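Trainee: This structure is in structure tokens; I'll ask about it shortly.
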Amino acid sequence: MDLSFVILVEMLYAVASLILIGAGLAVVFGMMKVINLAHGEFMMMGGYATITAVGLGVNVFVAMLIIAPLIVGLIGLVVERLVIRHLYGRLVDTMLATWGLSLFFIGLTTMIFGNTTTGISTPIPGFAVGGYQINGYNFFIIVVAVLLLIGILAVLKTTRAGLIARGAMQRADMAATLGYSPDRIYMATFFCGSALSGLAGAVLAPLVGLVPTSGGAYIAKAFITVIAGGPSLVAGLLSSAGVFGVVSQVFTFAISPVIGEVALLIAAVILLRLLPQGITGRFFKGKL
Amino acid sequence: MQGSLSRDVIATVIVTAILLWIMPLLIGTYTLTVLVIYGMLGLSLGLIWGFGGILCFGQAAFFGLGAYTYAIAAINIGESTLPMILAVLVPAIFAALLGAMMFYGRLTDVYLGVITLVVTLILFKFMNSTAGPQYVIGNARMGGFNGIPGFQTLNVPGDPGAYIWGDAYFYVCAVALAIVFLLVSALLRSSFGRIAVGIRENETRMSLMGYDVRARKTVLFSTGAAIAGLAGALFANWGEIVTPNLFSLGQSAEIIIWCIVGGLGTRLGPILGAAGLAYVKFLLGQQHLIDNTLILGLILVLFVLFLPRGIVPALVSLWRISFGRRPLGRIHQARRSRNRERLHG
Chain A
292 MDLSFVILVE
302 MLYAVASLIL
312 IGAGLAVVFG
322 MMKVINLAHG
332 EFMMMGGYAT
342 ITAVGLGVNV
352 FVAMLIIAPL
362 IVGLIGLVVE
372 RLVIRHLYGR
382 LVDTMLATWG
392 LSLFFIGLTT
402 MIFGNTTTGI
412 STPIPGFAVG
422 GYQINGYNFF
432 IIVVAVLLLI
442 GILAVLKTTR
452 AGLIARGAMQ
462 RADMAATLGY
472 SPDRIYMATF
482 FCGSALSGLA
492 GAVLAPLVGL
502 VPTSGGAYIA
512 KAFITVIAGG
522 PSLVAGLLSS
532 AGVFGVVSQV
542 FTFAISPVIG
552 EVALLIAAVI
562 LLRLLPQGIT
572 GRFFKGKL
Chain B
-6 MQGSLSRDVI
4 ATVIVTAILL
14 WIMPLLIGTY
24 TLTVLVIYGM
34 LGLSLGLIWG
44 FGGILCFGQA
54 AFFGLGAYTY
64 AIAAINIGES
74 TLPMILAVLV
84 PAIFAALLGA
94 MMFYGRLTDV
104 YLGVITLVVT
114 LILFKFMNST
124 AGPQYVIGNA
134 RMGGFNGIPG
144 FQTLNVPGDP
154 GAYIWGDAYF
164 YVCAVALAIV
174 FLLVSALLRS
184 SFGRIAVGIR
194 ENETRMSLMG
204 YDVRARKTVL
214 FSTGAAIAGL
224 AGALFANWGE
234 IVTPNLFSLG
244 QSAEIIIWCI
254 VGGLGTRLGP
264 ILGAAGLAYV
274 KFLLGQQHLI
284 DNTLILGLIL
294 VLFVLFLPRG
304 IVPALVSLWR
314 ISFGRRPLGR
324 IHQARRSRNR
334 ERLHG
């Protein structure tokens, strides 16, 4: 009984962290068809922003939920204006340019913070369930992921800004005819996507030792979650994170964490081979 | 592709001979060897990406696979000829299987990129976790993160005691690169190569003309992997150790950067890009003012933004503008090409 509860929490946690990792990329890819390979580095910078802010005496939750997204969002804004803006519609070129950016940010962070591991302790204590110890912070991550999904859905479905963004996503030319500048919309969307990456990196930072190359650990997972999810933003994120999270945790508990990771990657290859347009390319069509 | 193959052979032999004479006077042969090996690795991706239109994010997988195959086989066999052959064959077969899975599933651009990236990551994670004594192939322990050291390095075929190392090894690598370059040239001149370029330009049209696009892409992909595998085996011999870092994302990224900077759709571009950037990296590694990765990243971004076709095509067009024959009027040009066609039947 206790064990099954622990496994359930671990699975939910795995799904939630995949949702967090993928969210920023999903916004940028789903709306603008830009594959941001510097996504992992955005998350890494979110982590560093949190740690620096906490070091300066800011409350850890303020640092994670407000400061880190803002800072990374601003970095994203600069990147969009300087680089991405010139490459819209050139999928492969954006991938290459953002890969270059990712290397650039790794180098920059190494120069500023040094090539050492830093970290902060988890702000929520763990507790015991029967004979097992559960990390209380896992619940926080699950809650953040759920709120994040609801938030994205609410913004896209109920607000005027969301409506305009969705319109520009489907027909940029039509949105332009109606007097909305796609350029501005893309800029704002990229800001939101980067801010989400920063948030994810900040929230996950207490769980990992942060090094300048930490982004590499996220990017592959984010990439496959978003691509396997397909064109719909929320439904795709939820379904692919669900599949991959469960698969990796099942194999982690059954065999070992490394096999769990490998199983996740193999599941991604199989899924893409069977559903090359992603899960929501076949199912849940037309959902958000 | 202008001129004939025999002219290519002569030019390659002459240029190789001159470079073999001059380069060791400028740079140490130990560094040169690795530049040549990277050149071959760059050529392998340049072939499948530049001429086949297959953007593989995991060329490092085949490089690493070649290196590991060589190391494991060399420990078990104790001689280097057969391991060298295996190091070419194993990545080629692996790529053929992987390619068949992808191309027969009609996966394209981004999805292809994701799958090749993920396969590289799987290999990287797996090789890193093979530290325990249960991971043994024959007499070779996989060694996990530490890799496999201490295998038999290249020897004269048939005589395991006669090692090829130092300057001699550099000449072996350089000649190998020249031979691979010629083979690639011949391949591109053959009908297979021209059809591959056709597939790059318009896949639907080529399949409507009756060519089996999937099979051809798979074969090309596998050829590229074979070259990468050979480069991997040569690298293993040079470094005398193989580690999981050969499979790392950074390695894959570098190969792509070489091709972009050197110039896609050319044979020489990826080789020059690889050797040039590797040397720049080597020089940068000797200073500690600015981080190495930062500069590489900056180079990639700037090239994508300002020179997306790469250095070699840019230089070629600069040459044409400055020294080439004045471009003729359009009618004149059409007449001339018609005449040429008539002459060559």
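Heads up: the sequence lines are chains A and B, in that order.
Per the numbering used here, the first sequence starts with residue 292, numbered consecutively.
Per the numbering used here, the second sequence starts with residue -6, numbered consecutively.
The beta carbon of each residue, even a glycine, is placed where N, CA and C say it ideally should be.
Predicted model only: the values in this text are computed from it and were never measured.
(1) Report yes or no: is there a C-beta of chain B within less than 9 Å of the C-beta of Gly507(A)?
(2) Decide if Thr385(A) is buried, meaning its Cβ has at least 16 other Cβ atoms within 10 Å, or exposed.
(3) Under the criterion of a Cβ to heavy atom distance below 8 Å, does Ala224(B) qualify as lining the ligand ZN?
(4) Assuming Phe418(A) is part of the alpha helix (DSSP H), what are its boundary residues?
(5) What would DSSP say about Tyr260(B), mapped onto helix, strand or coil?
(6) Measuring alpha carbon to alpha carbon, tell me which of Thr109(B), Val29(B) and Gly71(B) ends up nearest Gly131(B).
(7) Just checking: is the beta-carbon of Leu382(A) within a distance shorter than 9 Å of some beta-carbon in chain B?
(8) Strictly by DSSP, which residues pair up with Pro142(B)?
(9) Does any CB atom of chain A fall closer than 9 Å to the CB of Asp1(B)?
(10) What is the DSSP secondary structure of Asn148(B), reduced to helix, strand or coil?
(11) Enumerate in chain order the residues of its own chain whose CB-to-CB distance from Gly338(B) is below 7 Å, with the five nearest sequence positions on each side excluded.
(12) Kindly provide the ranges of any alpha helix (DSSP H) runs that are 4 or more residues long and lie completely inside the region 480 to 527 of chain A, ordered along the chain.
(13) First and last residue of the beta strand (DSSP E) that includes Tyr97(B)?
(14) Quick check: the Cα distance between Val499(A) and Leu529(A), rounded to an integer number of angstroms?
(15) Does chain B have any CB closer than 9 Å to the CB of Thr571(A)?
(16) Please state whether DSSP places Val129(B) in a helix, a strand or coil.
(17) Which same chain residues end up closer than 6 Å to Ile415(A) when comparing Cβ atoms and leaving out the 5 residues on each side of it in sequence?
(18) Would DSSP call Ile425(A) helix, strand or coil?
(19) Are there 16 or more other CB atoms within 10 angstroms of the CB of Ser472(A), so buried, or fewer, so exposed?
(20) Listing by chain order, which chain B residues have their CB less than 7 Å from the CB of Leu556(A)?
(21) Please confirm whether Phe481(A) and Ile375(A) have their CB atoms less than 9 Å apart.
(22) Can you confirm whether Arg207(B), when its beta carbon is compared against all beta carbons of chain A, has any partner nearer than 9 Å?
(23) Using the Cα positions of Tyr63(B) and Ile7(B), report the straight-line distance between them to the nearest angstrom.
(24) Reducing DSSP to helix, strand and coil, say where Arg381(A) ends up.
(25) Can you name, in chain order, every residue of its own chain whose Cβ lies under 6 Å from the Cβ of Ile264(B), other than the five neighbours on each side?
(26) Using a Cβ cut-off of 9 Å (strictly closer), state whether Arg564(A) contacts chain B.
(27) Please confirm whether Phe514(A) has its beta-carbon closer than 9 Å to some beta-carbon of chain B.
(28) Rounded to a whole number of angstroms, what is the C-alpha to C-alpha distance between Gln540(A) and Met77(B)?
Mentor: Let's see:
(1) With a threshold of 9 Å between beta carbons, Gly507(A) makes contact with chain B.
(2) Taking every protein chain shown into account, the CB of Thr385(A) has 16 or more other CB atoms within 10 angstroms, so this residue is buried.
(3) In the structure on display, the ligand ZN does not appear, and there are no ligands present to speak of.
(4) Counting along the chain, Phe418(A) sits inside no alpha helix (DSSP H); it lies in the beta strand (DSSP E) bounded by residues Phe418 to Val420.
(5) Note that residue 260(B) is Arg in the sequence shown here, rather than Tyr. Three-state DSSP puts Arg260(B) in coil, outside helix and strand.
(6) Proximity to Gly131(B) across Thr109(B), Val29(B) and Gly71(B) peaks at Gly71(B), based on C-alpha coordinates.
(7) Yes, its Cβ sits closer than 9 Å to a Cβ of chain B.
(8) Ile234(B), per the DSSP bridge assignment.
(9) By this cut-off, Asp1(B) is not an interface position.
(10) DSSP places Asn148(B) in strand when its eight states are reduced to three.
(11) Here Gly338(B) scores only 48 on pLDDT, less than 50, and its place in the model should not be relied on; the value that follows carries that caveat. Cβ-Cβ distances below 7 Å link Gly338(B) to nothing in the same chain once the five nearest sequence neighbours on each side are left out.
(12) Counting only unbroken stretches of 4 or more residues, the alpha helix (DSSP H) elements lying wholly within the region 480 to 527 of chain A are 506 to 520, in sequence order.
(13) Run containing Tyr97(B): none; DSSP gives neither H nor E here.
(14) A direct Cα-Cα distance of roughly 23 Å separates Val499(A) from Leu529(A).
(15) False, the Cβ-Cβ gap to chain B never drops below 9 Å.
(16) Reduced to three states, the DSSP call for Val129(B) is strand.
(17) If the five residues before and after Ile415(A) are omitted, its C-beta is found closer than 6 Å to the C-beta atoms of Gly427, Tyr428 and Phe431, all from its own chain and listed in chain order.
(18) It is a strand residue.
(19) The residue in question, Ser472(A), is exposed, as its Cβ has fewer than 16 Cβ neighbours within 10 Å.
(20) Chain B residues near Leu556(A): Val111, Leu114 and Ile115.
(21) For Phe481(A) and Ile375(A), yes; Cβs fall inside 9 Å.
(22) With 9 Å as the cut-off, Arg207(B) does not count as an interface residue toward chain A.
(23) C-alpha of Tyr63(B) to C-alpha of Ile7(B): approximately 31 Å in a straight line.
(24) Arg381(A) falls in the coil class under three-state DSSP.
(25) For Ile264(B), where only same-chain residues beyond five positions count, the Cβ hits under 6 Å are Gly32, Gly35 and Leu36.
(26) So yes, Arg564(A) belongs to the interface.
(27) Yes, because at least one Cβ of chain B sits closer than 9 Å to the Cβ of Phe514(A).
(28) Approximately 40 Å between the Cα atoms of the pair.
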